[in-house]
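Below is one structure, written out as structure tokens, with a few remarks after it.
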Amino acid sequence: MCTSPDEISSAKIYADKICRIRFPPTKISLPTKFRRESCEKGYRLYNIETEKVIISRDVIFSENECWDWNTKKETSVNIQLTEIREKEQGAEGSSYELEEQLEVNEMPSSNTETSDQEREAGSQNVDHTPLKYKSIAEIYEKCNMCIIEPESFEEAAKDDSWKKAMEAEITMIEKNNTWELVNRPFDKPIIGVKWIYKTKLNLNGSVQKNKARLVAKGYSQKPGIDFNETFAPVARLDTVRTLVAVAAQRNWNLFQLDVKSAFLNGVLNEEVYVDQPSGFVMQGSEDKVYKLKKALYGLKQAPRAWYDEINSYFIKTGFYRSPSEATLYTKMSTSGILIVSLYVDDIIYTGSSKEMMAAFKDDMMRQYEMTDLGLLHHFLGLGVLQTNSCIFLHQKKYAKTLLDKFGLKDCKSVATPLAVNEKLSKVDGSELADETLYRQMVGSLLYLTATRPDIMFAASLLARFMHNPTKKHMGTAKRVLRYVQGTINYGIAYDKGKGAVLIGYCDSDWSGSEDDMRSTSGYAFNLGSGAFSWASIKQSSVALSTAEAEYMSAAEATAQAMWLRFVLSDFGEEQVEPTQLLCDNTSAIAISKNPVHHHKTRHINRRFHFIRDALQNGEIDLLYCKTEVQLADIFTKPLARDRFEYLREALGVISAQHLEGSVSV
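In the numbering used here, the protein residues as written are 550 to 1214.
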């Protein structure tokens, strides 16, 4: 410590005094606490507002002012929602986009005395630039973080909104004549019930409603006693995308209905008893139970009972059920065609006749408690944009949820999901990763492939290592999510007015697996626009040559082509000519058309040879195409950026920013 006479002479007597730094005229003086800085020419000053320490020689002391340590610094948050101007797209269409502007200003409390000069100078230096722009959906998501769903009846009973939700559920059950109160039987098992609470959100993240569902504890049921068959009426995603592609090709609009409490409509064939629900026990009949006439959610046979009910109604009203897809129904008349796809309680419908669609909606709403959702906007987590030029499927909200869930919301994006020549194996020398987290990540990516064929190969490759994944596998999965981050606005577009001719592509690598040397098959199908059916599948046996691997891939694609021909026929788009299946290997084509190569093909599993029957019956036509235009190449191996982006666009995967126009009904 320095003890020179100069230091002692410059010492000041102070106690909670205020001093101000002498800045040039353009600067502002700020109140500070100070102490004499030893060994340096200046004072060490503590800035009350910025909470930083600085050193300065030029200081003005306010001998008569003291700092009030009870003063608290207040922070005000000003949230402004700015509605971006409506963009007119098309004669009837319009689209809206909302952005919010957040400004955070730190304001001193009213107890702090500040001169007019300081306020004026301070106002000139306030930075009004918004810190960040967010979409309205992100605001809703942040607000919804504070929404807590009850975990028990006791907790829900304290909130009026949840009490109303439970009352609405009981009202619906009573209205459907679902049960009757009876004496407790002594020779029958009684199934318990419980309340489930869920806050339903719109596609943009805003709260739609609070939903309370009374469910039976179906896990206590015994086969042959409480139930016999279980079946859930679920449409394949391939079928849904095919329906969307056909609707786009014919320039139709897609509409949606939602069945309220669908399972409560299913009639039970078994004798089932349940307890009275919490909060709704009949006074004076506490020992009684409910005998079910119709199904409750949670019962193992509830999905089957609902399917039997809705299927019976469709058949009775003149619909034809597809033999290729149990949840696909069509109705034809002189005025046109009506197509309906069922996914449990969600109904998608479209057709050529507005009168038929209007009559169908009215009949359904008379028969069941329905919600008319109008034009199809979202379905099973898939967003649907119906524009004047195309129908666009995407999973932007779902992708954002994944990135936030796995802590990659602000990650740096990459151009491709996999590095070129990326090879993964079960044993790679790295440490084991968190198996549960890895499975969650890969499972989420697999569902994202519903509208993103560009990550199909990466997701299917990662799915091979669900048991004992390593850190290298985890790192590769995170890379795929980083790719999703950079393409979060991407989806698949089905152009309107294109031809209805089914075209397929099939391809294979050779011995791509590091563990068992098996190859990977890939295929894609379209109607001249975006792909609506695709797959990346590891072959079931080792191929001895590229020709053999390509031949097995063509057989997989042939099976899918035949099924798609059946489905398109149900849609009224019967494929008269053989379906062209494009392959880039001439030897594989020769094997399929010429069985003379017996010594080269005698070991191939017989199930792959049915491709020859399909060729002879005129169902498919296996043709050669150049590797450069082979769309299925993206499903068999990692590709360089230029090649990957070319094939991605050829599959119809584009950014939503490229869309023009919208539809209003």
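C-beta: ideal position from N, C-alpha, C; glycine also.
Pair within 9 Å by beta-carbon distance, Leu931 and Ile1052: no
Within the segment 830 to 882, ranges of the beta strand (DSSP E) (whole runs, at least 3 residues): Taking only runs of at least 3 residues, the beta strand (DSSP E) segments lying wholly in the segment 830 to 882 are 838 to 841 and 877 to 882.
Under the three-state DSSP convention, the category Arg1156 falls into: Look at Arg1156 here: in three-state DSSP terms it is helix.
Anticipated Cβ contact below 8 Å, Ala1042 with Ala1181, distance rounded: Their Cβ separation, rounded to whole angstroms, is 19 Å, which puts Ala1042 and Ala1181 out of contact at 8 Å.
Selection from Val1116, Asp1065 and Glu1105 that minimises the alpha carbon distance to Leu1093: Asp1065
Where His943 sits in the DSSP three-state scheme: His943: strand per DSSP, three-state reduction.
Residue from Val1033, Ala1007, Leu806 and Glu1168 whose Cα sits closest to the Cα of His1022: Ala1007
Proximity below 9 Å, CB of Phe909 to CB of Leu934: no
CB of Ile719 within 9 Å of CB of Phe829, strictly: Yes, the Cβ-Cβ distance between Ile719 and Phe829 is below 9 Å.
Arg593 in three-state terms, based on DSSP: It is a strand residue.
The segment 798 to 807 / the segment 1081 to 1098 touching (three or more Cβ pairs under 8 Å): no
Sheet register partners of Phe928 (DSSP bridge): The secondary-structure analysis by DSSP pairs Phe928 across a beta bridge with Leu931.
Spatially closest choice to Lys712 from Lys760, Met721 and Val731, by CA coordinates: Lys760
When Ala982, Ala717, Gln825 and Ser834 are compared against Ser810, the one with the closest alpha-carbon: Ala717
Cβ contact check for the segment 849 to 857 and the segment 781 to 797: 3 or more pairs under 8 Å: yes
Validate contact between the segment 994 to 1007 and the segment 1163 to 1171 using beta carbons, cut 8 Å, 3 pairs: no
Contact set for Met913: own chain, Cβ-Cβ below 7 Å, skip 5 residues either direction: Excluding sequence neighbours, Met913 sits near Leu806 and Met919.
Rounded C-alpha distance that separates Asp1191 from Arg1197: 10 Å
Distance CB(Ala1098)-CB(Ser1068) smaller than 9 Å: yes
Cα-Cα separation, His1207 to Ala794: 18 Å
Where Arg1031 sits in the DSSP three-state scheme: helix
Option nearest Ala1299 by Cα separation, candidates Asn1143, Asn818, Glu835 and Gly867: Residue 1299 is absent from the structure shown; the chain starts at 550 and stops at 1214.
Residue closest to Thr1107, alpha-carbon to alpha-carbon, out of Leu1171, Val1091, Tyr746 and Phe1193: Residue Leu1171 is the option with its Cα nearest to Thr1107.
Those residues which DSSP pairs with Ser1057 across a bridge: Ser1070
Arg1013 beta carbon near the ligand PLP (any heavy atom closer than 8 Å): Among the components modelled here there is no ligand, and therefore nothing to report on the ligand PLP.
Close-in-space but distant-in-sequence residues of the same chain around Lys945 (CB under 8 Å, 5 per side omitted): Gly932, Ile1037, Asn1038, Gly1040 and Ala1205
Own chain partners of Ile739 with C-beta closer than 8 Å, once the 5 adjacent residues on each side are dropped: Contacts found: Arg733, Tyr822, Val823, Asp824 and Val838.
Beta strand (DSSP E) runs contained entirely in the segment 746 to 807, provided each spans 3 or more residues: List check, beta strand (DSSP E) in window: 756 to 765.
Assumed close pair Leu763, Ile722 - CB separation to whole angstroms, cut-off 8 Å: 7 Å
Assumed close pair Leu813, Thr727 - CB separation to whole angstroms, cut-off 8 Å: 5 Å
CB contact check: Glu1122 to chain C, cutoff 9 Å: In the structure shown, chain C cannot be found, because there is only a single protein chain.
Uninterrupted beta strand (DSSP E) stretches inside the segment 1086 to 1170 (no shorter than 3 residues): 1128 to 1132
Within 9 Å, strictly: CB atoms of Arg1028 and Leu1113: no
Contacts around Gly923, its chain only, beta-carbon distance under 6 Å, and the 5 residues preceding and following it disregarded: none
Short Cβ contact (9 Å threshold) for Tyr1173 with Ile1138: yes
Buried or exposed (CB count within 10 angstroms, at least 16 for buried), Glu858: buried
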